[in-house]
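A.B. asks: Protein chains in written order, with our numbering: chain A, 11 to 152; chain B, 6 to 224.
Take a look at the following structure, please.
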Amino acid sequence: MLLAKLALGFCGTVAVAGAYTFHEGIMRVEEDHYDGRHVHVWVPAAIVPMALHFVPSRHLERALEHAGPWLPTLRALTKELKKYPEAELVEVEDANQHVRIRAHQGKLLIDVTEPGETVHVACPLVMIEDLARELEARSPAA
Amino acid sequence: MNVLAPQLTEKMALTLAASLLAAAVLLAPVAAAQAPNASGSSQNISASSHDRWLHVRVTKPGNSEETVRVNVPLELAEKVLPTINRNRLHSGKVRFDDVDCHGVDLHALVDAVRSSKDGEFVTVQSKDSDVRVAKQNGYLFVHVFEKNRPKKSQVEVKVPMKVVDALFSAGKDELDLVAALHALSSQGDTELVSVKDEENTVRVWLDSKNVTDSLPSHP
Numbered sequence: 011m012l013l014a015k016l017a018l019g020f021c022g023t024v025a026v027a028g029a030y031t032f033h034e035g036i037m038r039v040e041e042d043h044y045d046g047r048h049v050h051v052w053v054p055a056a057i058v059p060m061a062l063h064f065v066p067s068r069h070l071e072r073a074l075e076h077a078g079p080w081l082p083t084l085r086a087l088t089k090e091l092k093k094y095p096e097a098e099l100v101e102v103e104d105a106n107q108h109v110r111i112r113a114h115q116g117k118l119l120i121d122v123t124e125p126g127e128t129v130h131v132a133c134p135l136v137m138i139e140d141l142a143r144e145l146e147a148r149s150p151a152a
Numbered sequence: 006m007n008v009l010a011p012q013l014t015e016k017m018a019l020t021l022a023a024s025l026l027a028a029a030v031l032l033a034p035v036a037a038a039q040a041p042n043a044s045g046s047s048q049n050i051s052a053s054s055h056d057r058w059l060h061v062r063v064t065k066p067g068n069s070e071e072t073v074r075v076n077v078p079l080e081l082a083e084k085v086l087p088t089i090n091r092n093r094l095h096s097g098k099v100r101f102d103d104v105d106c107h108g109v110d111l112h113a114l115v116d117a118v119r120s121s122k123d124g125e126f127v128t129v130q131s132k133d134s135d136v137r138v139a140k141q142n143g144y145l146f147v148h149v150f151e152k153n154r155p156k157k158s159q160v161e162v163k164v165p166m167k168v169v170d171a172l173f174s175a176g177k178d179e180l181d182l183v184a185a186l187h188a189l190s191s192q193g194d195t196e197l198v199s200v201k202d203e204e205n206t207v208r209v210w211l212d213s214k215n216v217t218d219s220l221p222s223h224p
């Protein structure tokens, strides 16, 4: 009986933690080279803003010097983009390359295809908005 | 019975816990993916009926034909533009000075255009270029045809007068871009800018589609 209670408590905790971790979706980065190299990174989106707390402040300050003025724009952009579940925003195409930036079901998708390499990035808009808000809070001007 | 009951309870609890865990792990990403979609579906309906999209297409024909397509919802541009405070752009307004206008008083020019009757009222023809500015049916037309450049170019701009008025509503040395975008959002499907030369074709137009699948008929 005790074992069952422990198992229930443990599984409940894991379930809640799992649900919280994945509630914002997954950030996905996939890079495929035609020589066989592949880089696939899947990260729960909720973790990314949290991970900022572990970035050394000197690195963050330097990044914020450049990115700081654009953070309100980034936050406004992601907030507005959430209103458009399907939107082709930018497409650049020539004989060799194809770049697409679009919004799809609450995610910003960036696809780059060129000879020998393809890159696909999928970022939940909620994550970008949270990230911008977190960075704004940590910027010296805040 | 007394021995079996705790075992049964334990098995049930374990099964329940495992099911909860599996359901949470499997369904959380799905729920996360569905949530914006569900909330967005109603917005999509409103988007299809109200939203206006500004489209830009740049085409460079040739051996490796290059195409750039940009689609921006006007409402998004209206909200995002005021957040950019850089160089001459502040709070959705852009500053200009006499140097930019070569000494031309743009406000006086717009006032003159506004108060004039429909029809052609400015035509400048020279060796290098023809410039024609006209107001017709509530639209301002600007047509520039450069003749003697190495690559001939033709620029056509068609802007609703309401948009021009909104653009110049900010003050003496400012253009109110947000007000212009807002005025533009009440317009029907229209082509705004068309630039053609031997290398590139640029088109800017407005409609209610979220993809660049077609251009409105040329005015």
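Note that CB positions come from ideal geometry on N, CA and C, so glycine has one too.
Does the region 21–28 of chain A come close enough to the region 123–130 of chain A that 3 or more CB-CB pairs lie under 8 Å?
C.D. replies: no
A.B. asks: Val30/B CB to nearest chain A CB: under 8 Å?
C.D. replies: Confidence in Val30/B is poor, its pLDDT being 48 and thus under 50, which makes the residue's placement unreliable; the coordinate value appears in the next sentence. Yes, Val30/B lies at the interface with chain A (some Cβ there is under 8 Å from its Cβ).
A.B. asks: Quick check on Ser67/A: does DSSP put it in helix, strand or coil?
C.D. replies: helix
A.B. asks: Among Leu79/B, Leu111/B and Phe150/B, which one has its Cα closest to the Cα of Ser227/B?
C.D. replies: Shown here, chain B extends from 6 to 224; a query on residue 227/B therefore has no answer.
A.B. asks: For Ser51/B, does the count of other Cβ atoms within 10 angstroms reach 16, so buried, or fall short, so exposed?
C.D. replies: Interpretation of Ser51/B is limited by its pLDDT of 39, a score under 50 that renders its predicted location unreliable; the figure taken from the coordinates is listed afterwards. So Ser51/B ends up on the exposed side.
A.B. asks: Note down the Cα distance separating Asp181/B from His95/B, rounded to an integer number of angstroms.
C.D. replies: 10 Å
A.B. asks: Rounded to the nearest angstrom, how far is the Cβ of Arg93/B from that of Val99/B, given a contact under 8 Å?
C.D. replies: 5 Å
A.B. asks: Tell whether a beta-carbon distance below 8 Å holds between Leu62/A and Glu144/A.
C.D. replies: yes
A.B. asks: At what residues does the alpha helix (DSSP H) containing Asp140/A begin and finish?
C.D. replies: Leu135 to Arg148
A.B. asks: From Asp194/B to His148/B, what does the alpha carbon distance come to, in whole angstroms?
C.D. replies: 20 Å
A.B. asks: For Thr123/A, which residues in chain E fall below 8 Å Cβ to Cβ?
C.D. replies: Among the chains of the structure shown, chain E does not appear; the protein chains present are A and B.
A.B. asks: For Ser53/B and chain A, any beta-carbon pair shorter than 8 Å?
C.D. replies: A caution first: Ser53/B carries a pLDDT of 43, below 50, which makes its placement in the model unreliable, though a value can still be read off. Chain A contact via Cβ: absent.
A.B. asks: Just how far apart, CA to CA, sit Gly67/B and Arg110/A?
C.D. replies: Cα to Cα, Gly67/B sits roughly 21 Å from Arg110/A.
A.B. asks: Can you have a look at Arg112/A and say buried or exposed, based on whether 16 or more other CB atoms are within 10 angstroms of its CB?
C.D. replies: buried
A.B. asks: Please specify which runs of the alpha helix (DSSP H), each continuous and at least 4 residues long, are wholly inside the region 99–158 of chain B, giving them in chain order.
C.D. replies: 103–106 and 111–120
A.B. asks: Within its chain, find whatever has a CB closer than 6 Å to the CB of Glu98/A; leave out the 5 residues flanking it on each side and keep chain order.
C.D. replies: Arg112
A.B. asks: Taking all protein chains shown into account, do 16 or more other C-beta atoms lie within 10 angstroms of the C-beta of Glu196/B, making it buried, or fewer, making it exposed?
C.D. replies: buried
A.B. asks: Can you confirm whether Ala38/B, when its beta carbon is compared against all beta carbons of chain A, has any partner nearer than 8 Å?
C.D. replies: Summary for Ala38/B: the model assigns pLDDT 45, below 50, so the residue's position carries little reliability; its value from the coordinates is reported in the next sentence. With 8 Å as the cut-off, Ala38/B counts as an interface residue toward chain A.
A.B. asks: Below 8 Å on the Cβ atoms is my guess for Phe126/B versus Val138/B; work out the distance and round it to an integer in Å.
C.D. replies: 7 Å
A.B. asks: Label Cys21/A either buried or exposed according to how many other C-beta atoms from any shown protein chain fall within 10 Å of its C-beta, with 16 as the threshold for buried.
C.D. replies: buried
A.B. asks: Does His194/A pass the burial test, meaning 16 or more other C-beta atoms within 10 Å, or should it be called exposed?
C.D. replies: Since the first residue shown for chain A is 11 and the last is 152, residue 194/A is missing from the structure and cannot be characterised.
A.B. asks: Using 10 angstroms around the beta-carbon of Asp56/B, count the other beta-carbons present and answer buried if the total reaches 16, otherwise exposed.
C.D. replies: buried
A.B. asks: Measure the alpha-carbon distance for Ala132/A versus Asp42/A and round it to whole angstroms.
C.D. replies: 15 Å
A.B. asks: Within a Cβ cutoff of 8 Å, which residues of the same chain sit near Lys177/B, ignoring the five residues on either side of it in sequence?
C.D. replies: Scanning its chain for C-beta atoms nearer than 8 Å, with the 5 sequence neighbours on each side dropped, one finds around Lys177/B the residues His112, in chain order.
A.B. asks: Answer yes or no: do Ser174/B and Ala184/B have a C-beta to C-beta separation smaller than 8 Å?
C.D. replies: yes
A.B. asks: Is the CB of Glu90/A under 8 Å away from at least one CB in chain B?
C.D. replies: yes
A.B. asks: Excluding five sequence neighbours on each side, which residues of the same chain lie with their C-beta closer than 7 Å to the C-beta of Ser69/B?
C.D. replies: none
A.B. asks: Could you tell me whether the Cβ of Thr195/B comes closer than 8 Å to any Cβ of chain A?
C.D. replies: It does not: the Cβ of Thr195/B has no partner Cβ on chain A nearer than 8 Å.
A.B. asks: Name, in chain order, the residues that DSSP records as bridge partners for Met37/A.
C.D. replies: Val53/A
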